Amino acid sequence: MTPNASSLATSLVQSVDWLAVAPPTIAALAGLAVLVADLFLPERRKHLLGWGAIAGLALAALALLPLLDGDRSTFCLTSGAHACSYTADTFALVIQFLVLGGALLTALLSFSSLDDLKLPAGEFWFLLLSSAAGAALLPASRDLATLVIALEVASLPAFALVGLRRGDRLSSEAALKFFLSSVTATAVMLLGVSFVYAATGSLHLSRIADALTHVDPRLDTLAQAGAVLTLVGFAFKTAAVPFHFWVPDTYVGAPVPVAAYLSVVGKAVGFSGLILVTVLAFPSYADVWGPAVAVLAALTMTAGNAAALRQRPERSFSAVRLLAWSSVAQAGYLLVPIAAAGYADSGQDASRAIGSTVAYALMYAVVNLGAFAVAALVARTSPANRLTDYRGLYAARPAAALALGFFLLCLAGLPPGVIGLFAKVTVFSAAVDAGLGWLAVVMALNVVVALYYYLQWTTVLFRAPEPAAEPEPVPAAGPAITRPRAVPLTAAIALTAAAGIALSGAPQLVLRFASSTLL
Amino acid sequence: MNHTVQQLLLAAVVVLPLLGSVAALLPAPPGLRGRGPDQAVMRHGVTVTGVVLAAAIALAAGFDHDHPARMQAQTDIGWIPALDIRIHLGVDGVSLPLLVLTALLTFLSALYAYFNRPSGPSPKAFVALLLLLESGTLASFAVLDLMLFFLAFEMVLIPMYFLINRWGGAERERAAWRFILYTLLGSVVMLLGLLLVGLKGGTFDMVALATDNGAKLSHTTQLIAALAIIVGLAVKAPMWPLHSWLPDAHTAAPTVGSVLLAGVLLKMGTYGLVRIVLPMTPDAAHTYAPYLAAFAVVGIIYGSLACLALARTGAKGDLKRLIAYSSVGHMGFVLLGIATLTPTGVNGALFANIAHGLITGLLFFLVGALKDRSGTTDLDQLAGTSGAALYGRAPRLGGLLAFGAVASLGLPGLAGFWGEMLAMFGAFDPADGLSRPAYLTYMAFAAFGTLLTAAYMLIVVRRVCMGDHPIEPGTGTEAQRPALADVHGHEFAAWSPLVALTVLAGLWPAALLGLTDPAVQQLLAGGTR
């Protein structure tokens, strides 16, 4: 090779840092492997697929370890200003850990649902892993094209997951609703991205940020419209208020583990994209999106809590519905620090505010997955999953009831859920620091409102069981057969409970992100 | 006593109940099974609270009484560096009496519950909740970090909620909801105030913030933060017009719950005012003091009038509710004392805090015992046409009730007297810059309130303790009234410490004032340590 040719090669051919991209790649490859293996495995060996998926996710999470020593970037531009499409910085790693861990716990929850609902195993695991791969790609992507692709890779399998219950009307309706509203949001976002590209001539977040400081005045409106439209797509994913109507029906129609997955990983995707776009690409428009996100946060938490309050406990699926609305409210709390970042004086402050969101999200992921895990456990014996079905859970399954009580108190932010309390404190302090006193007050009121329904549910757990509920023989026959196979589900509850208790003892484990700069 | 031992004792006082609470949920180890799981777990409760009381007394004994203004037995460990939250424990003359009072009342409650098991679901949960409650209250008096104070403040709510909700009487669910929603709303608002103080002041450490004496906070910040904190604490205290959760909660709560609610939980509110608002936001305290005092006085008058109305014949007044309203009045004196911003007034407030804990604790015990015996706390049902004649039917119980009532109305020589008198003394000569005529008016109203208190307490004594002899004249047979058992041995054990301390504090107030006075002087002048 001549020297000339080799220099050409270095300018055109990128050297890919495979280690940096390993986490999403491993998840995607594991998904493909599971799909292929599904073709060759006999029916009675299908459960091996699940363990394969779990191994793939665990491997992907382990692949984060070598990246801890420092920021790595790859897929960089070889000419002109330095800009990369993929960066594995602390923020990306933390969110990837959250996403992969969340997917892993979802996988543990799914074993029993797969059996109970007769879901097709191969497809399920493939879809879960591909969605997880997309979700893991998103926090590391640093250009709009990659962001959109990652978002779609995360979402498309999710539609199919929601609709996987064949022949179930609710399930297909939920999938359709989810699909249509999501596609609309994506279309709007793509329009926004194209506007931004037209105005700035770049797709890389860092270069957009530079270009937006001196946009051609004639293109200014275009750029602003593009920024707003881009945010809409991510607001949809976080289920922020005007875009939240799909949540309850989708959660109810989907199998419980999928609802858990959407409530944690789906949200993580949404808010990490929102953070990347706002803080990295549009910092010069902070005076526009800061107040907008603040209002969005206030509306989201208020609407979510108001709807959660109005759930009637005897209605079927009221437990999942309540969790769905509570997750909308929690999304509001997650947005508060992002809004605070819009009011920050420096990049340093903005990054610290973002840290509060990340810390809160980690707490929320553990606790919410735990709550869904217990809901999945209860759903096995009472498929209607009404709040009234939780009455006397303490008498029947003391450990599960104590765990659920703990998770709910964490979500509410009351001791003994210390971690929930302090995660809320970091969010409050981000708001107070940024001078968003009104938002802090709105959030305080919302926290109290939310306490009402979380506590009510907690109380129900410890009530004496309904005396009339003794026509046991029929339901007793069902769980008696399936109970031994709930081991992964029990493991998921135990894992989340242990994590929640450990975090309550040492909140620094997640709260340290709130005091460090991530991006 | 050496410093490390003191540190360990204080840490043990906070942590032991927590561990005990977890242990109560586990099956008893062999050798401690007792006569059955229920008895074993109740005994566990008595043992743990007893050990905690012993530790608290040892702590008090080792306390350097020559320097009560100094924070002693301090432990300061980093916990959450991200939020700058430290596990900072310590006691001084202000918190020590409250710590001992809490440990004592919880122990007596556990003892009482051991012999007189509350009716409701499993005793296991009861003991676990009781210990959790104790841990939370002790922690809130012992911690010196704003966020930890908030944590402890909140920690109390869940156990109290379940105690009322599961072991309470009629209307318990509504009362429990009301209790928790009111206090939660208050405490979330308080959290915002505490955050503001901590973020603007640069630290959450209560000692450091008290030493700064509000120097790092602008006047506006102080006003906003203090308002939020005062509202939160006032719900707990409770201050009129935020008191309306209290009568319901007291009426519905089981005996032990009422005792702890009145004796200990209410003190957390006033303690917070003295420990946080006075030293950390002195300017704002100065601004709000006259309003606080006005609300306090309204509370005194309102509480007494409500009690008078309940004590009337035919009003269907509930004795527990009456004592709850009397608490509103008594806490009004405490708030008035604090609002004078003078050492005299604040000392009086702290003294009245302790006295109220002892006396009202005793009264709730007595009323609970009366309810167990006669099945009702309705004054009209109890008294019938002429009076319940407790003197004749159960002389010792009647005597104790009369003793509690006269102690509560502030008879000189008993504990209730000094706190109220000092609070009014403070109002006679309030701190510089506060309007003297306004405070003189407050003092006059407060004095009128003591008269009203005396009136309803004496009415209660007349209707419950006096009355016709139960033997119907001429026939020599018992009247239709069932016989009342007099005070049992275990009840004597649970009550006599309260009686003795009430007399002691009444006759020798210097023992308590000597502890609080230097610490109060320092807090008001801006703590220097």
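Chains as they are written, first to last, in my numbering: chain A, 539 to 1057; chain B, 1197 to 1725.
All C-beta atoms in this analysis are idealised placements derived from N, C-alpha and C, irrespective of residue type, glycine included.
What you are looking at is a predicted structure, and each value in this text was computed from that prediction instead of being measured.
If you drop the 5 nearest sequence neighbours on each side, which residues of the same chain put their C-beta closer than 7 Å to that of residue i?
i	result
L1630/B	A1485, P1486, L1537
A1014/A	Because the pLDDT at A1014/A is just 40, under 50, the model does not fix this residue reliably, and the point stays unresolved.
M1476/B	V1393, L1405, A1406, G1410
A1598/B	V1657, C1661
Straight-line CA distance for residue i to residue j?
i	j	result
D607/A	S650/A	38 Å
P1434/B	S623/A	59 Å
I564/A	S889/A	29 Å
V817/A	F772/A	13 Å
G640/A	D1262/B	58 Å
P1726/B	P1213/B	Residue 1726/B lies beyond the residue range present for chain B, which begins at 1197 and ends at 1725; the question has no answer from this structure.
V1209/B	L1297/B	13 Å
V1493/B	I1273/B	42 Å
G1513/B	D1568/B	18 Å
V1657/B	E1687/B	20 Å
I1031/A	P875/A	29 Å
D883/A	Y990/A	37 Å
F1610/B	Y932/A	For the sequence presented, residue 1610/B should be read as Leu rather than Phe. Going by the C-alpha atoms only, they are around 47 Å apart.
Y1521/B	G1495/B	9 Å
Within this structure, are the beta carbons of residue i and residue j separated by less than 8 Å?
i	j	result
A835/A	A972/A	no
T1556/B	G1606/B	no
A659/A	G590/A	no
S727/A	T768/A	It is Met, not Ser, that sits at residue 727/A in the sequence shown. It is a contact, given that the beta carbons lie within the stated cut-off.
A969/A	A961/A	no
S894/A	P677/A	no
A1448/B	A1371/B	yes
G1394/B	K1412/B	no
L1390/B	I1425/B	yes
L1329/B	L1295/B	no
L643/A	T1034/A	yes
L1166/B	V1695/B	As displayed, chain B neither begins before 1197 nor continues past 1725, which places residue 1166/B out of reach and without an answer.
G1612/B	A1551/B	yes
V986/A	L1566/B	no
How far does the beta strand (DSSP E) with residue i in it extend, from its first residue to its last?
i	result
L1285/B	1281-1287
Y624/A	622-626
Tell me which residue opens and which closes the alpha helix (DSSP H) that residue i is part of.
i	result
S810/A	805-813
R610/A	R610/A -> not in any alpha helix (DSSP H); beta strand (DSSP E) instead, spanning 610-614.
T1271/B	No alpha helix (DSSP H) contains T1271/B, which is instead part of the beta strand (DSSP E) from 1268-1276.
A1681/B	Premise fails: A1681/B is in no alpha helix (DSSP H) and is neither H nor E.
K1320/B	1319-1338
T1637/B	1632-1661
R758/A	First, the amino acid is wrong: residue 758/A is Asp here, not Arg. First-last of the alpha helix (DSSP H) with D758/A: 758-775.
V554/A	Per DSSP, V554/A belongs to no alpha helix (DSSP H) and is neither H nor E.
V1242/B	1233-1258
Who are the Cβ neighbours of residue i in its own chain at under 6 Å, not counting the five residues just before and after it?
i	result
S1500/B	G1525, G1645, L1648, T1649
M1343/B	I1281, F1400
L682/A	V731, L741
A922/A	S854
G1468/B	L1429
G1615/B	G1544, F1547, A1548, A1551
F629/A	L1056, L1057
Taking 7 Å as the cut-off, does the CB of residue i come closer than this to any heavy atom belonging to the ligand SAM?
i	result
A626/A	As far as ligands go, the structure on display features none, and thus does not contain the ligand SAM.
Leaving out five residues before and five after residue i in sequence, what residues of the same chain have Cβ atoms less than 8 Å from its Cβ?
i	result
L949/A	S864, Q868, Y902, V905, N906, A909, G955, G958, A988, Y992
A1619/B	F1529, V1530, L1532, G1533, T1536, G1541, G1544, A1545, A1548, A1642
Do the region 692-707 of chain A and the region 589-599 of chain A touch if we need at least three Cβ pairs shorter than 8 Å? no
May I ask you to verify whether the region 703-719 of chain A touches the region 832-851 of chain A, counting CB pairs closer than 8 Å and requiring at least 3? no
Are there three or more Cβ pairs, one per stretch, closer than 8 Å when the region 567-578 of chain A is compared with the region 639-650 of chain A? Taking a contact to require three or more Cβ pairs closer than 8 Å, the region 567-578 of chain A and the region 639-650 of chain A do not qualify as touching.
Three or more C-beta pairs under 8 Å: does that hold for the region 1316-1331 of chain B against the region 1216-1228 of chain B? Verdict: yes, contact present.
Between the region 1303-1310 of chain B and the region 1348-1355 of chain B, do at least 3 Cβ pairs fall closer than 8 Å? no
So does the region 1415-1432 of chain B actually touch the region 1380-1388 of chain B, counting three or more Cβ pairs closer than 8 Å? yes
The region 1457-1468 of chain B contacting the region 1699-1710 of chain B, beta-carbon criterion three pairs below 8 Å: no
Quick one: any contact between the region 732-751 of chain A and the region 665-676 of chain A, if contact means 3 or more CB pairs under 8 Å? no
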